[in-house]
Amino acid sequence: MKLELRYFAGLREALDCAGESVDVPASVATVADLRQWLSARGGVWEALTTQKNLRSALDRTMLVLHAEAQSTLHEGAEVAFFPPVTGG
Amino acid sequence: MKLELRYFAGLREALDCAGESVDVPASVATVADLRQWLSARGGVWEALTTQKNLRSALDRTMLVLHAEAQSTLHEGAEVAFFPPVTGG
Amino acid sequence: MSVSVQSEDFDVGAETVALSTGRNEVGAVATFVGLVRADKCSQVGAGTTAIAAMTLEHYPGMTEKALTEIVTEAENRWPLQGVRVIHRIGRLQPGERIVFVGVASAHRGAAFAACEFIMDYLKTRAPFWKKEETPIGGQWVDARESDDQAAARWARDS
Amino acid sequence: MSVSVQSEDFDVGAETVALSTGRNEVGAVATFVGLVRADKCSQVGAGTTAIAAMTLEHYPGMTEKALTEIVTEAENRWPLQGVRVIHRIGRLQPGERIVFVGVASAHRGAAFAACEFIMDYLKTRAPFWKKEETPIGGQWVDARESDDQAAARWARDS
Chain A
-12 MKLELRYFAG
-2 LREALDCAGE
8 SVDVPASVAT
18 VADLRQWLSA
28 RGGVWEALTT
38 QKNLRSALDR
48 TMLVLHAEAQ
58 STLHEGAEVA
68 FFPPVTGG
Chain B
-12 MKLELRYFAG
-2 LREALDCAGE
8 SVDVPASVAT
18 VADLRQWLSA
28 RGGVWEALTT
38 QKNLRSALDR
48 TMLVLHAEAQ
58 STLHEGAEVA
68 FFPPVTGG
Chain C
508 MSVSVQSEDF
518 DVGAETVALS
528 TGRNEVGAVA
538 TFVGLVRADK
548 CSQVGAGTTA
558 IAAMTLEHYP
568 GMTEKALTEI
578 VTEAENRWPL
588 QGVRVIHRIG
598 RLQPGERIVF
608 VGVASAHRGA
618 AFAACEFIMD
628 YLKTRAPFWK
638 KEETPIGGQW
648 VDARESDDQA
658 AARWARDS
Chain D
508 MSVSVQSEDF
518 DVGAETVALS
528 TGRNEVGAVA
538 TFVGLVRADK
548 CSQVGAGTTA
558 IAAMTLEHYP
568 GMTEKALTEI
578 VTEAENRWPL
588 QGVRVIHRIG
598 RLQPGERIVF
608 VGVASAHRGA
618 AFAACEFIMD
628 YLKTRAPFWK
638 KEETPIGGQW
648 VDARESDDQA
658 AARWARDS
């Protein structure tokens, strides 16, 4: 399944990556799975599971942390990971 | 004791009087006494005791209704009577 | 703090900007503008009719004092960097501005709370009265119980 | 409703006036302006240092959507006549405006509540991030727990 990933703010800098297209295996079915799958790359990518409070959005809708396991991915989905927002 | 009285808005119109200087007898010691004394003039002046929610101010400080009996008059005091305020 | 009672209109933008200009600690400005509703109707007999204008009467000498006391109370309750209150008097037509309250603070919570507090107290403690012009004559606006309730929210046990 | 995300500054007076112009039922306009505090400091090691500027990053494509959803939620909760939200992005210097929220309603209670609601939700649900420039480099601003608490006040059991 092909996904479009985006990273923002401090996380973007830590990963040195603003976004990427990935093709994930069938075992990656939810946003929570995706987070684990990215973290398993090791190195800076472990931040996705070790950094406190990292948030995510699926198709441009922000998810609360415990919703990630219920948020099912689909072909072409846009998933973003980022630190808590600080606008306003 | 000489007092300066002022009336506002609908009460001013009902009394046809914006203000007056009065010399009250010694028995008129508080704002509550003054209200009764004015009402005793009869006619339109009875509004001071019969009209609901009429407010007052002593020396330009608004009084709550039950404070009138504790609000002692003094020579030259400025007392105002008026309907509830509706600015803003 | 600056309080004005005037018949002239005011410049909303200039007043809002002035609240933060030159004040280093201001991170939040909350403002309120009250207007004569253009669809404002007055109760006339059993029905209602659109008003042509309203006239604001006040108590000269007490008005500024009352507004200043309200703002001082707000300054005692919240850490504020600036407060501006303007209340118009005289004849105002539908759509015209009546009142401006602007509050500057370091943080938005204090700015919002103080701005709403000042409006709630102004509505119930500042000596203004509105008279509406209708086709059959002038009609004094009645005080609203909801305004008393709004002001009562801020009561303290002291 | 009108939502803008832009690098340019905005005209506070024109935006506030536009909220009531031509809208007969507007009796109340509440606004909020957020600014970069001119005394803003950033934590650097054990101490703090004044910031030279801050840069606002956002999530293009999601930002307008998130702001629109927040305003729609406000419109569902209160009877509003008009809402305007402007959020700036890019590099901003101390003293500059960051955000404008303006709400028009028939009555002040709804205008105040909706304006504060929109700011509280914007702070916690709109994808903006601030990076402060300090003498030793850039520093991302941490989210504040008080902002989560402010937003949580508006939660509903639905």
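Residue numbers (my numbering), protein chains in the order written: chain A, -12 to 75; chain B, -12 to 75; chain C, 508 to 665; chain D, 508 to 665.
In this text, a Cβ means the ideal position worked out from N, Cα and C, and glycines have one as well.
Can you tell me whether residue i is buried or exposed? The criterion is at least 16 other CB atoms within 10 Å of its CB, across all chains shown.
i, result
"A:M49", "buried"
"A:T59", "exposed"
"D:D654", "buried"
"B:H61", "exposed"
"D:S514", "exposed"
"A:G29", "exposed"
"A:L52", "exposed"
"D:R660", "exposed"
"D:A553", "exposed"
"C:C622", "buried"
"C:E522", "buried"
"B:R(-1)", "buried"
"C:D627", "buried"
"A:G63", "exposed"
"D:G597", "exposed"
"B:E55", "buried"
"C:P586", "exposed"
"C:Q588", "buried"
"D:M508", "exposed"
Please report the distance separating the alpha-carbon of residue i from that of residue j.
i, j, result
"B:C4", "B:R42", "16 Å"
"A:V66", "A:E7", "10 Å"
"C:V499", "D:Q656", "Nothing about residue 499 of chain C can be read from this structure; chain C reaches only from 508 to 665."
"C:H594", "C:A611", "18 Å"
"B:A19", "C:K630", "25 Å"
"C:K637", "C:L599", "10 Å"
"A:Y(-6)", "C:T562", "59 Å"
"D:E640", "D:Q646", "6 Å"
"C:S549", "C:D649", "10 Å"
"B:V95", "D:G616", "Since the first and last residues shown for chain B are -12 and 75, residue 95 of chain B lies out of range."
"D:G534", "B:L45", "32 Å"
"D:T556", "D:V606", "24 Å"
"D:L574", "A:L35", "26 Å"
"A:S26", "A:L2", "11 Å"
"B:P70", "B:A(-4)", "7 Å"
"D:A559", "C:V519", "30 Å"
DSSP three-state call for residue i: helix, strand or coil?
i, result
"D:M626", "helix"
"B:K39", "coil"
"B:G30", "helix"
"A:L50", "strand"
"C:A535", "strand"
"C:E564", "strand"
"B:L(-10)", "strand"
"D:E515", "coil"
"D:S653", "helix"
"C:V648", "coil"
"A:F(-5)", "coil"
"D:G541", "strand"
"A:A44", "strand"
Looking at the unbroken beta strand (DSSP E) that takes in residue i, where does it start and where does it end?
i, result
"A:S8", "6 to 10"
"B:W24", "From DSSP, B:W24 is part of no beta strand (DSSP E) but of the alpha helix (DSSP H) over 18 to 26."
"C:A573", "Where C:A573 is concerned, there is no enclosing beta strand (DSSP E), although the alpha helix (DSSP H) it sits in stretches over 570 to 584."
"A:V66", "65 to 69"
"C:A554", "First, the amino acid is wrong: residue 554 of chain C is Gly here, not Ala. It spans 554 to 557 - the beta strand (DSSP E) in which C:G554 sits, taken as one unbroken run."
"D:S527", "Here D:S527 belongs to no beta strand (DSSP E), and DSSP marks it neither H nor E."
"D:R604", "604 to 612"
Going by DSSP, what residues sit across from residue i in a beta bridge?
i, result
"D:G597", "D:L563"
"C:Q588", "Answer is none; C:Q588 lacks a bridge partner."
"C:T641", "C:G644"
"D:Q550", "D:T555"
"B:T59", "B:T17"
"C:F635", "C:H565"
"D:V510", "D:V592"
Within the 8 Å Cβ cut-off, does residue i reach chain F?
i, result
"A:T37", "Among the chains of the structure shown, chain F does not appear; the protein chains present are A, B, C and D."
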